[in-house]
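Going by our numbering, the first residue of the sequence shown is number 596, and it counts up by one from there.
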Amino acid sequence: METVLSYLKNNFNRFVDEFCEYLRFPSVSAQKEHKEDTAKCADWIANHCKNIGLDARVYKTNNHPIVIANTPFKDNKPRIIIYGHYDVQPPEPLELWASPPFSPRIADGKVYARGASDNKGQHLAHIKAVEAYLKSNVELPCNITFLIEGEEEVGSAELLKFLKENKKMLKCDVVMASDNGIPGLDYPGLTYALRGVAAMEIKVYGPSRDLHSGIYGGAVDNPAMVLCQILARLRDKNGKINIPGFYDDVRKLTSVERKSLARIPFNEREFKRFLVVPKLFGERGYSPIEQRTARPTIEINGITSGYQGEGSKTIIPSVASAKLTFRLVPDQDKDKILDIVFKHIKKICPPTVRIELIKGHSGDPYILNPDSPLCKAALTALKKAFNREPVLLREGGSIPIITDIKRILGVDTILAGLALPDDNAHSPNEKFDLRCFEIGMKISAILLQELGCALKK
Ligand code: BES
Ligand code: ZN
């Protein structure tokens, strides 16, 4: 292990250069104009994997390509798939970035660029750990396959198909992913649960065109007002979702879990200051950490109607629309939830307007038994890498494919994330701390060893 760790140390500066090269691709999966950039990014990471001795292939799909890279296979060794995504969120609004999102800038030991933390830096750390084994001729304890997709930020539809069609090729003992976070560099953590997500859109149609609000106002309903009224009824003042049946399948937090979540460092004052909000809001009866990770939510992601230009325009808008997402927790089911939400909205919608409800992407929540031998092995590795006792975490974000992997390939995923709470994922000025990059490689090198041994038994 010493040889592997010193290879990582000695080559760190080169790794940072390579990381910056990777970040220069605007691999924005949501935007058609970046389709080619996204494909080039897939080629770059595949070639990079080839150059370090992996057998890498780019699989074309109906949307963005999937990259698969294998270490030279040895029989009788356990196989680990390491998951990551090379696609990134749209960088807009550009004017809020201190430097352009696809021109990586290093300051104070941090790399600023879209995708630095979510997720290029995190999976590149694993690739570098494997490079260290291969290049320093230390035998890997397991066969490793990198599975790097380009559609995580848009719902992983093609990867889902790919999993179903390539079950045999992807047969493995465990999956490892680093696409989540830790509370701080001093607080290593292992994530055992992710929230699911269900997206939808609601459109409220009123008159066939915008109307003069003086001539018609008072005798015809206003779609913007109806939309606000419907949305306002979906959550009460105590943060509880007001939809019959919504909580039916929510698995209660155990007292052991609540105690363990309470041990995660959290300072409400600092959190408020970081977010620049006057007061926190959340479901009554739960701590902010529980609210953010172990309880379901409804969020309005965008809302549009009428005139928002200069001055005023006295109209009744013809249409109003909103995009919503629900975050789900075990054992809620994404399809069941959208069905009951649709039924409820249709029921409370007044007869004065017509509504259209459209389903968006969705993914089920994920949970792994924190007492499983797999989790135990991962905790041991984290302790070795950080020299500190790791905490058990649940995460509020979603990686829907992780639940699909469990369902289709039948294996669990170790979620060894490295993102820090102030990494600005999905926000302007995203960054990745080079200390996370460095420690990520070390964790990966040690984890592969620990998991390799644990899986052999
Ligand atoms: N890396 C995140 C998910 C994440 C963030 C997990 C923080 C745990 C902690 C991932 O890239 C992401 O943003 N996922 C989307 C999924 C959606 C678009 C289907 C999300 O959570 O919004
Ligand atoms: Zn993301």
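Heads up, the beta-carbon is just placed ideally off N, CA and C, and yes, glycines get one too.
- Under the three-pair Cβ rule at 8 angstroms, the region 939-955 does not count as touching the region 1015-1032.
- For D650, the CB contacts under 6 angstroms within the same chain, skipping 5 residues up- and downstream, are N665 in chain order.
- Every beta strand (DSSP E) of 3 residues or more that sits fully in the region 669-723 is shown, in chain order, as 674-680, 700-702, 705-707.
- Remark: the C-beta of G955 is outside contact range of the ligand BES, defined as less than 7 angstroms to any heavy atom.
- Going by DSSP, H939 is part of the alpha helix (DSSP H) stretching over 929-943.
- Going by beta carbons, L758 and I1003 fall inside the 8 angstroms limit.
- Taken in chain order, the complete beta strand (DSSP E) segments of 3 or more residues contained in the region 881-915 are 892-900.
- DSSP, read as helix, strand or coil, puts H643 in helix.
- Taking a contact as a CB-CB distance under 8 angstroms, the pair T786 and R989 counts as one, their CB atoms being some 7 angstroms apart.
- The Cβ-Cβ distance between G1012 and C737 does not fall below 8 angstroms.
- If the five residues before and after E1033 are omitted, its C-beta is found closer than 7 angstroms to the C-beta atoms of F607, all from its own chain and listed in chain order.
- The beta carbon of E796 sits closer than 6 angstroms to the beta carbons of K918, I953 from its chain, once the five residues preceding and following it are set aside; these are given in chain order.
- Setting aside the 5 residues that flank it on each side, T888 is surrounded in the same chain by A788, R790, L856, L988, R989, E990, G991, each with a C-beta closer than 8 angstroms to its C-beta; the list follows chain order.
- Of the candidates L969, P695, R652, the residue whose Cα lies closest to the Cα of V770 is L969.
- Scanning P891, D1007, I997 for the CA closest to the CA of P965 turns up D1007.
- A distance criterion of 7 angstroms places the beta-carbon of S622 beyond contact range of the ligand BES, judged by its closest non-hydrogen atom.
- By the C-beta density criterion, K766 is exposed, having fewer than 16 other C-beta atoms within 10 angstroms.
- Taking 7 angstroms as the cut-off, the C-beta of H721 does not count as close to any heavy atom of the ligand ZN.
- Cβ contact annotation for F981 (same chain, cutoff 6 angstroms, sequence separation greater than five): P783, in chain order.
- Counting along the chain, the unbroken alpha helix (DSSP H) around M1036 starts and ends at 1029-1051.
- Note: M771 is bridge-paired with I677, I1009 in the DSSP secondary-structure output.
- Distance from the C-beta of H718 to the nearest heavy atom of the ligand BES is not below 7 angstroms.
- Burial check for A814: the Cβ neighbour count within 10 Å stays below 16, so the residue is exposed.
- Shortest gap from the CB of A1020 to any heavy atom of the ligand BES: under 7 angstroms.
- With a 10 Å radius around the Cβ and a threshold of 16 neighbouring Cβ atoms, Q927 comes out buried.
- DSSP places H1021 in the coil class of the three-state scheme, outside both helix and strand.
- Distances from the CB of Q684 to the heavy atoms of the ligand ZN include at least one below 7 angstroms.
- Setting aside the 5 residues that flank it on each side, A915 is surrounded in the same chain by V799, P818, A819, L822, S900, each with a C-beta closer than 6 angstroms to its C-beta; the list follows chain order.
- Using a Cβ-Cβ distance cut-off of 8 angstroms, the region 704-716 and the region 679-690 are in contact, since at least three pairs of beta carbons, one from each stretch, lie closer than that value.
- Of all alpha-carbon atoms in G704, R846, S808, the one lying nearest the alpha-carbon of S907 is that of S808.
- Per the C-alpha coordinates, the member of L1042, D1018, S1022 positioned closest to G779 is D1018.
- For Y811, no beta strand (DSSP E) run applies; the uninterrupted alpha helix (DSSP H) run containing it begins and ends at 808-811, by DSSP.
- In the three-state reduction of the DSSP assignment, N608 falls in the helix class.
- Annotation: the continuous alpha helix (DSSP H) that includes L974 extends over 968-981.
- The ligand ZN never approaches D1017 closely enough for any of its heavy atoms to be under 7 angstroms from the residue's Cβ.
- The beta carbons of P667 and L1050 sit no closer together than 8 angstroms.
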